[in-house]
Amino acid sequence: MTTKQPTRFEAVIGIETHVQLNSRTKAFCRCAYEYGAEPNTRVCPTCMGHPGTLPVLNSAVVKKGIAIGTALGAKIRRTSKFDRKQYFYPDLPKGYQISQFDEPLCYDGSIDVVLPVEDGGEVKRVGITRAHLEEDAGKLTHAKGEDGKKYSYADFNRAGVALLEIVTEPDLRTGREVAAYGSELRRIVRFLDACDGDMSRGSMRNDVNVSIRPVGRERFGTKVEVKNMNSFNAMARAIDYEIARQEELIRSGRGDEIVQETRTWDEAAQKTVAMRKKEGLADYRYFPEPDIPKLRLSEEFISNVVASMPELPSMVRARYAALGLPPADVQVLVEDKELVTYFDAALSSSAKPSAKQVANWLTGDIMAHLKNSKMENVSQLPLSPEALGEFCAMIDAGEISGKIGKDLLPELLEKGGSAKKLVADRGLSQVSDPREIEALVDGVLEANAGQLEQYRAGKTKLKGFFVGACLKASGGRANPSLVDRILQAKLDGVPIDVA
Amino acid sequence: MRLNPCSCQGRPTGVSHTGRSSVPPSVRPRNTSFNSSSLLNSRQLARGEVRCASLIHNLSHALKSGKISAVELTSAYLDRIRSIDNTIGSFVQVDFAGAIEQAKQIDSRIATGQDLHILAGIPLAIKDNICHQDLSTTAGSNLLRAHQSSYDAEVVTVLKGCGSVLIGKTNMDEFGMGSTTETSANKATHNPWDLSRVPGGSSGGSAAAVAGQMCAGALGSDTGGSIRQPAAFCGVVGLKPTYGAISRHGLIAYCSTFDTIGPIGPTVQDVSYIFGALQKDGNIKKMRDTSLRHSSIIETSLPPQASLSCRPYEGRRFAVIAEAIDEGVADEVKFSFFDSVRHIESLGGVVDLVSCKTFQMGLPAYYVMAVSEASSNLARFDGVRVGNREASYESVTDSLVGHFRHSYLGPEVLRRILMGTYTLSSGYSDEYYARAKYAQRLVRDELISYLSQYDALLTPATPDVAYTRGSKIMDPLQMYTGDLMTVNVNLSGLPAIVVRSGVLTVAEGTHLPIGLQFIGKHFGEGELLQIAHIFEISLDSVTKFPDEEIFSWL
């Protein structure tokens, strides 16, 4: 029997994201978590699972969960409960993880993900199945000891740190969509100050479920879980690799080699590698956590959380679009909460610069400077938003030219301080006095009598040459439009009108 | 509610329908009066003073008036432990040096005239599943043989704050799983009334220590009857408080839904003092406030006998749960129970017989929930963080966890973990755990509905008197049925108190106590203690302790 090979496949992708909530203390005890701390120094009897200890739910964790859920357009369950998910693993202190099984805190939401402009910039709606609270486990490292024997070292600093696990519907189709979803989710949790979103530190961990099927078929293919991607870029590459791998297996008649398993992204080899097979469903023996009463949330509690939520990325995008900023600038600015804060502060500074001017400088020269100087974000710049506002307003008003601005910026970025003062110190303010300009133009025309003759003989292209010479003679300070008008009048032999 | 027709009129007893109204000759109230000074010589406790029906009250008074120092008192108890506990085996660890240190501090506080808590200087014992950071906490298990808790249980913190002298840790069934203290990996504990019998369990060590006068009071824990049953077997008073009334932070968990910590003492008043100090919403908050910590809060004082009318139960209504005096209950226990009912009626109480249709559901529902939660609560004992581990293993998950658990846990604990793992398995948890929770609701609703009509419910404390050692340990199912009287109270989260209601002579010179259980309303410990106190002080013909005659081996 021959089977006709389907010609086109589509991927069906869903994501489970573990968002580590940045509450001051852990989910069920008073330990303050700190990434990179000395092993087992951020622990107490409770998060170590010592006999007799009891969990006490941290209300900050619930608040952050509600805020994220609300930002994801999800419904917030007024009564939810915690359950025990039971399995033995040496990094799991109690032999079970406190999680939420059948009554998650948040359910049934969706977010609109803006794909990068270079990918078309369209908007993709991603359904959110649920988001539930749970606790993180510790960390194991395996190494040889001084005696040469193999040891497993357990560090419980991370054990008990609050997580919100966010599960999407299988709505995504490509690696780039996955990356776009992941980065939008990260922006949301960062804007809410609920998580630092640092993937390399494990603050945000994405497990991506990928299967493929012939276009038009309803039934899902065998799904493979891909994890261990440390950037959205890696996520896009990993998923696209995995889709291609599965497609290749099916096309070569080895479709049965696609099995339900967990594969890890090998960044060095740029491919996914089988990690462990999932043989049957693990029995986690879930049952309601008897140590934590049902979580009942009053309308007042929820509305207080919602009322104190800051502006979300989508709202900022709409606000910036209304300012007339181009989509590409909006995307860059909203990438980063610090950038938004900085931009807004510069915009509302007393000098009242134009949005376009500030956006241009921020997304252009300043972003480039950040990258080159390896700064994490704009908040680390010596240049205050107020000073940037003043700088941009001076350009808006023609007090300095864009070119002089470009010359000044490096010093401002390095040392901060006032642009006005710097301009005054360097004597760089733009020359806009018509008489000064006229003298300048006269000087240039006198010095280039030959060219003037050629111009008057009809070689009008030489005007550019004169403009350049004038600006050069002024050290760049001459107001270009004034130079243009006065030069034109002189060339044409007509009276100068500088009204 | 459907009342038994015989009991509608209240008096005479509504339980006489059984056809046996006479007191069996073997149930013989003993005429020995309570003498709290038995530990002390007569010089130390002046003659002729008004005695209160409380050992702790008398001791506290003697301490504060300078008749005895805390060090002398503690030494007296420690001497008693030295002389008799090698026979009874109630303690797994005695803090000889630490206890004297604690007592010294109390003496210096008394010397400076500080106003002290009623429990200050009072030697108390702690069940070995309650964490105490200076003493070992083994929960009766080999697995925790070397375990020293890194923190104090909330109740230990509070008792330390009250100035109690915590003299040691008492023996118990491994992780609370047992009714005889025989599953303890440490040693056996003997019933002070008859050394060939068990003290009950799982708080057998605490009950035996109180009955043996090796401490003035003790803490136990009660998941399915583990305070009340040993209290009954040892003839002392045991209170299982409302679930949540006392913090269980620092109690090694067995079944979280039912676990409670509670006091065991020689009298209701003693138990009341300890409970008063530990109650979560009242005194713990006050105790945390150091300005109040040393003040004498004796709000839990019960009325002295002299202040009571001759009919102190007038206006109070009691219900006997008919199913609790049905088959499976020893005749002697039934007869003693009927005596108690008549006694309550003679004090003006109205006693009705009610049928509790869900009564029989309790035991299976209790065991399903208990083993399920136990399998989960004990999962943390994987050999990684707590407990000994001597070898190295190829795989942490398979060989370490499996080997560690199997080599250190006793058969009863392993049995319950296995059953619990099964009952929580996917596909079975609806059949077992979810149904048991449903049954729990039915039991609770029924008991609560009766408690809306009655001041307290009455049952025997246990279906039988203390078992002979070894008689139940080989038959787990029979041992489980011994919890018939007590588990419904845990399912319902209600408070219940067990007091001694009679003494049975089983052989020449061998007497065994019989207990009566009063079940009260949620957070109604105040009322429940009053009721039990009246019962106790009005039944002055009942001996308070195994006396010299019983302690013939002394």
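Chains as they are written, first to last, in full-length UniProt numbering: chain A, 1 to 499; chain B, 1 to 554.
Ideal Cβ positions, reconstructed from N, Cα and C, are used throughout, including at glycine.
Since we're looking at a predicted model, the values are computed, not measured.
Residue i and residue j closer than 8 Å at C-beta
{"i": "Ala-277(B)", "j": "Leu-119(B)", "result": "yes"}
{"i": "Val-443(B)", "j": "Met-361(B)", "result": "yes"}
{"i": "Tyr-455(A)", "j": "Leu-491(A)", "result": "yes"}
{"i": "Leu-528(B)", "j": "Ala-456(B)", "result": "yes"}
{"i": "Ile-246(B)", "j": "Thr-260(B)", "result": "yes"}
{"i": "Ala-194(A)", "j": "Leu-21(A)", "result": "yes"}
{"i": "Leu-484(B)", "j": "Gly-328(B)", "result": "yes"}
{"i": "Arg-263(A)", "j": "Met-275(A)", "result": "yes"}
{"i": "Val-499(B)", "j": "Val-320(B)", "result": "no"}
{"i": "Pro-513(B)", "j": "Trp-193(B)", "result": "yes"}
{"i": "Gly-89(B)", "j": "Thr-189(B)", "result": "yes"}
{"i": "Tyr-408(B)", "j": "Ser-141(B)", "result": "yes"}
{"i": "Val-441(A)", "j": "Val-483(A)", "result": "yes"}
{"i": "Gly-216(A)", "j": "Glu-169(A)", "result": "no"}
{"i": "Thr-421(B)", "j": "Gln-229(B)", "result": "no"}
{"i": "Glu-135(A)", "j": "Ala-27(A)", "result": "yes"}
{"i": "Leu-124(B)", "j": "Lys-64(B)", "result": "no"}
{"i": "Ala-359(A)", "j": "Leu-383(A)", "result": "no"}
{"i": "Gly-348(B)", "j": "Pro-312(B)", "result": "yes"}
{"i": "Ser-99(A)", "j": "His-132(A)", "result": "yes"}
{"i": "Pro-385(A)", "j": "Tyr-320(A)", "result": "no"}
Those residues which DSSP pairs with residue i across a bridge
{"i": "Ala-274(A)", "result": "Arg-263(A)"}
{"i": "His-18(A)", "result": "Glu-165(A) and Arg-205(A)"}
{"i": "His-511(B)", "result": "Thr-505(B)"}
{"i": "residue 558(B)", "result": "Nothing about residue 558(B) can be reported from this structure: the residues present for chain B run from 1 to 554 only."}
{"i": "Leu-295(A)", "result": "Ser-80(A)"}
{"i": "Ile-519(B)", "result": "Leu-457(B) and Ala-496(B)"}
Residue closest to residue i, alpha-carbon to alpha-carbon, out of the options
{"i": "Gln-102(B)", "options": "Ile-88(B), Val-71(B), Arg-82(B) and Asn-129(B)", "result": "Val-71(B)"}
{"i": "Thr-267(B)", "options": "Leu-239(B), Ser-226(B) and Gly-250(B)", "result": "Leu-239(B)"}
{"i": "Ser-501(B)", "options": "Val-94(B), Ala-374(B), Leu-418(B) and Phe-335(B)", "result": "Phe-335(B)"}
{"i": "Leu-458(B)", "options": "Ala-330(B), Phe-518(B), Ala-379(B) and Asp-382(B)", "result": "Phe-518(B)"}
{"i": "Ile-264(B)", "options": "Leu-251(B), Arg-469(B) and Ala-211(B)", "result": "Ala-211(B)"}
{"i": "Asp-352(B)", "options": "Ala-379(B), Arg-316(B), Tyr-366(B) and Glu-373(B)", "result": "Arg-316(B)"}
{"i": "Asn-186(B)", "options": "Asp-382(B), Ile-252(B) and Leu-144(B)", "result": "Leu-144(B)"}
{"i": "Thr-141(A)", "options": "Asp-155(A), Ser-379(A) and Gln-97(A)", "result": "Asp-155(A)"}
{"i": "Gln-133(B)", "options": "Lys-160(B), His-522(B), Asp-107(B) and Asn-377(B)", "result": "Lys-160(B)"}
{"i": "Phe-175(B)", "options": "Pro-230(B), Glu-525(B) and Asp-128(B)", "result": "Asp-128(B)"}
{"i": "Lys-144(A)", "options": "Gly-138(A), Asp-136(A), Tyr-153(A) and Ala-137(A)", "result": "Tyr-153(A)"}
{"i": "Lys-472(B)", "options": "Pro-495(B), Pro-199(B) and Ile-84(B)", "result": "Pro-199(B)"}
{"i": "Leu-363(B)", "options": "Gly-225(B), Tyr-393(B) and Ile-110(B)", "result": "Gly-225(B)"}
{"i": "Val-378(A)", "options": "Phe-391(A), Arg-426(A), Leu-362(A) and Ser-298(A)", "result": "Leu-362(A)"}
{"i": "Pro-476(B)", "options": "Ser-179(B), Thr-137(B) and Ala-111(B)", "result": "Ser-179(B)"}
{"i": "Ala-253(B)", "options": "Thr-358(B), Ser-164(B), Val-341(B) and Thr-137(B)", "result": "Thr-137(B)"}
(request) Pick out the complete beta strand (DSSP E) segments inside the region 99–173 of chain A, 3 residues or longer, and give them in chain order. (result) Runs found: 106–114, 123–135, 139–144, 150–155 and 162–168.
(request) Taking a Cβ distance cut-off of 9 Å, strictly less, list which residues of the region 91–104 of chain A are near chain B, in chain order. (result) Answer set for the region 91–104 of chain A: Asp-91, Leu-92, Pro-93, Lys-94, Gly-95 and Tyr-96.
(request) Write down every uninterrupted run of the alpha helix (DSSP H) in the region 229–286 of chain B whose length is 4 residues or greater and which is fully enclosed by it, in chain order. (result) Those alpha helix (DSSP H) runs which fall completely within the region 229–286 of chain B and span 4+ residues are 268–278.
(message) Please identify, using Cβ separations under 7 Å, the residues of the region 66–92 of chain A that lie next to chain B, in order along the chain.
(response) Going along the region 66–92 of chain A in chain order, one finds Arg-84, Gln-86, Phe-88, Tyr-89 and Pro-90 with a Cβ nearer than 7 Å to chain B.
(request) Pull out every residue of the region 222–252 of chain B whose Cβ sits closer than 8 Å to any Cβ of chain A, in chain order. (result) Residues Arg-248, His-249, Gly-250, Leu-251 and Ile-252.
(message) Just to confirm the assignment: which complete beta strand (DSSP E) runs, minimum length 3, are found wholly within the region 87–132 of chain B?
(response) Listed in chain order, they are 91–94 and 123–127.
(message) Taking beta-carbon pairs under 8 Å, can you tell me which members of the region 37–54 of chain A lie near chain B?
(response) Under the 8 Å Cβ criterion, the region 37–54 of chain A contributes Pro-45, Met-48, Gly-49, His-50, Pro-51, Gly-52, Thr-53 and Leu-54.
(message) Closer than 7 Å between beta carbons: that is the criterion. Which residues of the region 290–301 of chain A meet it against chain B?
(response) Listed in chain order, the positions of the region 290–301 of chain A with a beta carbon within less than 7 Å of a beta carbon of chain B are Pro-290 and Asp-291.
(request) Give, in chain order, every residue of the region 371–388 of chain B whose Cβ lies closer than 7 Å to some Cβ of chain A. (result) Under the 7 Å Cβ criterion, the region 371–388 of chain B contributes Ser-372, Glu-373, Ser-376, Ala-379, Arg-380, Asp-382, Val-384, Arg-385 and Val-386.
(message) By the 8 Å beta-carbon criterion, what residues does the region 394–426 of chain B contribute toward chain A?
(response) Residues of the region 394–426 of chain B with a Cβ closer than 8 Å to any Cβ of chain A, in chain order: Val-396, Thr-397, Leu-400, Val-401, Thr-421, Leu-424, Ser-425 and Ser-426.
(message) To test your reading of the DSSP string, which unbroken alpha helix (DSSP H) runs of 4 or more residues are found completely within the region 348–396 of chain A?
(response) Qualifying alpha helix (DSSP H) stretches, in chain order: 355–361, 367–372 and 385–396.
(request) Would you list, in chain order, the members of the region 338–355 of chain A that have their beta-carbon closer than 9 Å to a beta-carbon of chain B? (result) Going along the region 338–355 of chain A in chain order, one finds no residue with a Cβ nearer than 9 Å to chain B.
(request) May I ask you to list, following chain order, the residues of the region 191–220 of chain B that have a beta carbon less than 7 Å from some beta carbon of chain A? (result) Going along the region 191–220 of chain B in chain order, one finds no residue with a Cβ nearer than 7 Å to chain A.
(request) Write down every uninterrupted run of the alpha helix (DSSP H) in the region 301–368 of chain B whose length is 4 residues or greater and which is fully enclosed by it, in chain order. (result) Runs of alpha helix (DSSP H) with 4 or more residues, each lying fully within the region 301–368 of chain B, are found at 331–346, listed in chain order.
(request) May I ask you to list, following chain order, the residues of the region 428–452 of chain B that have a beta carbon less than 9 Å from some beta carbon of chain A? (result) The residues in question are Ser-429, Tyr-433, Ala-434 and Lys-437.
(message) For the region 145–166 of chain B, list every residue whose C-beta sits within 9 Å of some C-beta in chain A, in sequence order.
(response) Taking 9 Å as the Cβ-Cβ cut-off against chain A, the residues of the region 145–166 of chain B that qualify are His-147, Ser-149, Ser-150, Tyr-151 and Ala-153.
(request) Would you list, in chain order, the members of the region 322–356 of chain B that have their beta-carbon closer than 7 Å to a beta-carbon of chain A? (result) The region 322–356 of chain B vs chain A, Cβ under 7 Å: nothing.
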